[in-house]
Structure formats: C-alpha cells, structure tokens
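In my numbering, the protein residues as written are 40 to 323. The beta carbon of each residue, even a glycine, is placed where N, CA and C say it ideally should be. Computed from a predicted model, the values in this text were never measured in an experiment. So the structure is just underneath, and the comments pick up after that.
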Amino acid sequence: MTKKHQNLSSVLLVKPCVSVDIKVNVFKLIVLISLVLVVRGGVIDSSFDSRVSIHHSTLDNSSLNMAGTPVVIGATAKHTATLIFLHGLGDTGHGWASAMGALKTPFMKVICPTAQTIAVTLNSGFKMPAWFDLKSLDASGPEDESGIKKASQLIHSMIDAEVSAGIPSNRIVIGGFSQGGALALYSALTYSKPLAGVVALSCWLPLNKSFPSFVVGNKETPFLQCHGDCDPIVPFKWGQMTASILKGYLKSIEFKTYGGLMHSSSDEEMNDIKDFVQKQLPNV
C-alpha cells in the first residue's frame, strides 16, 4: 500500500507531549473543550469591535446545520473577497470572529457561522454546537456520514450565496478549526467551483476512506493545513496522515507544524494564516 492510499484508520492515537489520555471520559473531554475556548483563537474577545455586525442571511438555517444568523465582519472598502471560517465543537461563530477580523483586509468580508446545538454521541448525548455528530475518538471508529454531508451542503450554500451576491468563487477562502476545519476540508473537496484557498487548523479529513473518489473540485486550489505537535484532542498523527492523503491528489498543500502547541492556536499560526489568506485574496 503506497502512502497516497493510506487512510486515517491506520493511525494510532498518540500522546506526543502531554499525559492526557485520548480516550478520556465525558467529564475530561468537556473540560478540555472548555480550555480551548479560553486560548487565543477560541475566546470571545472583549475587544470585539463595532466592525462586527449580524448579517441576516437568506439561507434557510432551520433546514441546515446552522443556528440563527452568522457573525459577519463587513468589508470597509469595495467588497471583492470573502473568508468563511468554521468554529470547533462546542464553540460559536463569535469564538473566532475577532481573530479572523484581525487578519482581514479592507475589501474582505468575514463570515463566522454557528452550528446548531445537537446531541453529541461522544459526550453521552450532551448537547452543544456541532457541525455533525462525533461518535468516536478512534481513527477507525464510526462517523456521522449523513451529518457530514448535510453540513457540507450548508457550506456550499453559503459559498453560493456569496457568488450570487457578486463575489466569484475563486475570491472566497473557507477554513475552520478542529471539527470546523474537518468540515472545511470535506466541503472544499466536494464543491465543484474553484475556491481561492482552504485553511484547515488542528483537524482531520472526515470520511477519508471515500477519497479521492468523492473529490469533485478544488484539486488545483491552495490548501494550508496547520497542527500543533502536542495536540491531545486531534492527534498530530491525524494531521500528518491527512496531509499525506491530500498530497496524493491535490496540486498545492502546505502542512505547517507548531512545536509545543496543543489544541489551540498561536500568534505564529495566526500570522501564517494571515499571510496565506492575503496571498490568495490580493487586492483587485
């Protein structure tokens, strides 16, 4: 079996830098998720400013995996590009809006939607915002295929809404953190129109055994994948293997490693994201 045909089921769960057991009980998992929300990139920043406005979306949110209207930071110049960024499990669009707003350019709009609150199997049915159900922490465990596909339809609809508003698909970057990053990867690869770029943070490729047969577009699109080598939630090995899978059929993917970083973001990572987004979405 060649590297390009390997899948995540061959990856063992690892604990590279910390003593946290990946197969944590429900209480420990909720604590770890809560910790994610108090680090840079996952915090509702008190400096969140007046540039953020609530956009009354034309999407039928009730039939999709989104709660209410997304958080939107509007362009301050002529709007010619859009960044759509998806939060992780248990978070909301507000959790990343400030960080994404800090890297935008004047002609760019940022959209940070919030997933619906659903019962999460991994948390014994405890309800929290989630793009799809998580059933296992094992790489070879069952996945919520119908939920993943439904969530990707939401992202495709959001992209299509921007296109209908006059923004070409190749002026749109999508990205996300953790479960949101996983959804961003899946959504980009199953979307037929060309995107400007994809940002995938601390995540994995859902339904990876179905690829590359599921790929319908964006093989030429630049992908930026970032992962901390001390991540106790989504193991660094998952990120590495995801990158190996994607390199088998994508023209441009860069995998960046951050030493000592756990399941969170850092200034270094945010600078790399800013450089990537601004390179893929230059002023026109």
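Beta-carbon contacts of residue i that lie in its chain and below 8 Å, excluding the five residues immediately before and after
{"i": "P321", "result": "none"}
{"i": "V237", "result": "V212, I213, G214, A223, L224, A227, N257, T260, P261, F262 and L263"}
{"i": "E307", "result": "Y297"}
{"i": "D268", "result": "P55, C56, F275, T296, Y297, G298, G299 and L300"}
Length of the line joining the Cα atoms of residue i and residue j
{"i": "P396", "j": "A116", "result": "Because the chain is modelled from 40 through 323, residue 396 falls outside the range shown and cannot be assessed."}
{"i": "F124", "j": "I213", "result": "6 Å"}
{"i": "I157", "j": "G132", "result": "16 Å"}
{"i": "T121", "j": "L176", "result": "33 Å"}
{"i": "S163", "j": "G129", "result": "14 Å"}
{"i": "Q279", "j": "F294", "result": "8 Å"}
{"i": "S231", "j": "P271", "result": "34 Å"}
{"i": "I199", "j": "P233", "result": "Reading the sequence as shown, one finds Asp at residue 199 and not Ile. Each residue's Cα considered, the two are about 12 Å apart."}
{"i": "K174", "j": "G186", "result": "11 Å"}
{"i": "W135", "j": "G219", "result": "11 Å"}
{"i": "P145", "j": "H126", "result": "23 Å"}
{"i": "N207", "j": "S252", "result": "Note that residue 207 is Pro in the sequence shown, not Asn. Looking at the two C-alpha atoms, the distance is approximately 26 Å."}
{"i": "A235", "j": "F315", "result": "10 Å"}
{"i": "I312", "j": "V254", "result": "24 Å"}
{"i": "K290", "j": "P109", "result": "32 Å"}
{"i": "G205", "j": "M147", "result": "13 Å"}
{"i": "Y288", "j": "F250", "result": "9 Å"}
{"i": "S203", "j": "Q319", "result": "21 Å"}
{"i": "N209", "j": "P152", "result": "20 Å"}
{"i": "T229", "j": "A114", "result": "28 Å"}
Near the ligand SAH: residue i beta-carbon under 7 Å from a heavy atom
{"i": "F253", "result": "Absent from the structure shown: the ligand SAH. Ligands present: none."}
Cβ shell of residue i (< 6 Å), same chain only, five flanking positions each side left out
{"i": "A154", "result": "N104, P168, A169 and W170"}
{"i": "T281", "result": "W243 and L244"}
{"i": "S188", "result": "This sequence places Lys at residue 188; Ser is not what is there. Excluding residues within five positions, none has a Cβ falling inside 6 Å."}
{"i": "H266", "result": "S241, F275 and G278"}
{"i": "L161", "result": "L173"}
{"i": "V323", "result": "T119"}
{"i": "L285", "result": "I292"}
{"i": "L74", "result": "Because the pLDDT of L74 is 37, which lies under 50, any placement of that residue in the model is unreliable, and the question is left without a value."}
Per DSSP, cross-strand counterpart(s) of residue i
{"i": "A239", "result": "G215 and Q264"}
{"i": "T296", "result": "H266"}
Close beta carbons around residue i, own chain, < 7 Å, minus the five adjacent residues each side
{"i": "V273", "result": "S217, S241, C242, W243 and H302"}
{"i": "E201", "result": "T121 and I211"}
{"i": "Q317", "result": "T144"}
{"i": "A190", "result": "N104, W170, F171 and L222"}
Below-8 Å beta-carbon distance, residue i vs any chain C residue
{"i": "V237", "result": "Reference to chain C is not applicable here, since this structure consists of a single protein chain."}
Problem set entry | Sufficient close CB pairs (3 or more, under 8 Å) joining the segment 236-254 to the segment 167-187 | yes
Problem set entry | Unbroken stretches of the beta strand (DSSP E), 3 residues or longer, contained in the segment 118-182 | 120-125, 147-151, 156-159 and 165-168
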